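So the structure is just underneath, and the comments pick up after that.
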Amino acid sequence: LKLGMTLEEARAAGLTTLTWENAAEAECVADDRIAVSKKYGIERITLPSQAKTSKGIGVGSTFGDVRKAYPAASEYRAGWSVSIDANAHYAFLGELTNERFGEADKVTKIKIGANDVYCSMAFL
-5 LKLGMTLEEA
5 RAAGLTTLTW
15 ENAAEAECVA
25 DDRIAVSKKY
35 GIERITLPSQ
45 AKTSKGIGVG
55 STFGDVRKAY
65 PAASEYRAGW
75 SVSIDANAHY
85 AFLGELTNER
95 FGEADKVTKI
105 KIGANDVYCS
115 MAFL
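Each residue of the sequence shown is one higher than the last, beginning at -5 in my numbering.
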């Protein structure tokens, strides 16, 4: 999977079973793994729990680990976010019960998101 890939490309590669027929919005379809819009293609990829970023951050890493690996990371919604490049960013998510994330709090999910999106936040 990669950002910008169309739903049809992802289906042809056997990477998803999503279809436009099961879209909650006319222009977007999503599941726990990806969010896709007709306008931009894949807009969000949730990494498998065993995956790690190129700097070694994965589910179970602490937000302190994230800060060391990505000094530019900042708190954003349910975790921290940091730019990967001009087109994409990582979202490191934590437990939803936390209002703020301390150095020892654990990353529970990692998403790669496109900076240009059409789908609503509920999908991302």
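Note that the Cβ used here is the ideal one computed from N, Cα and C, for glycine as well. These figures come from a predicted structure and were not determined experimentally.
| Nearest to residue 4 by CA position, among 20, 38 and 19, is which residue? | 38
| query | When DSSP labels each residue in this structure, what does residue 9 get in the three-state scheme? | reply | coil
| query | Between the C-alpha atoms of residue 98 and residue 57, what's the straight-line distance to the nearest angstrom? | reply | 6 Å
| query | Thinking just about the alpha-carbon of each residue, which of 27, 17 and 23 is nearest to the one in residue 146? | reply | Outside the shown range of the chain, which is -5 to 118, sits residue 146, and nothing can be said about it.
| said: If contacts are defined as beta-carbon pairs under 8 Å, then residue 106 and residue 70 qualify, I think. What distance do you get, rounded to the angstrom? | reply: With a Cβ gap of about 14 Å, residue 106 and residue 70 do not count as contacting.
| request: Grab the span of the beta strand (DSSP E) containing residue 86 for me, first residue to last. | output: 82 to 87
| Where does the unbroken beta strand (DSSP E) through residue 38 begin, and where does it stop? | 35 to 40
| So which of 78, 17 and 103 has the shortest CA-CA distance to residue 32? | 17
| field | Through-space distance from residue 13 to residue 89, alpha-carbon basis | value | 30 Å
| field | Delimiting residues of the beta strand (DSSP E) encompassing residue 30 | value | 28 to 31
| task | Leaving out five residues on either side along the sequence, give the residues of the same chain with a beta carbon under 7 Å from the beta carbon of residue 43. | result | 53
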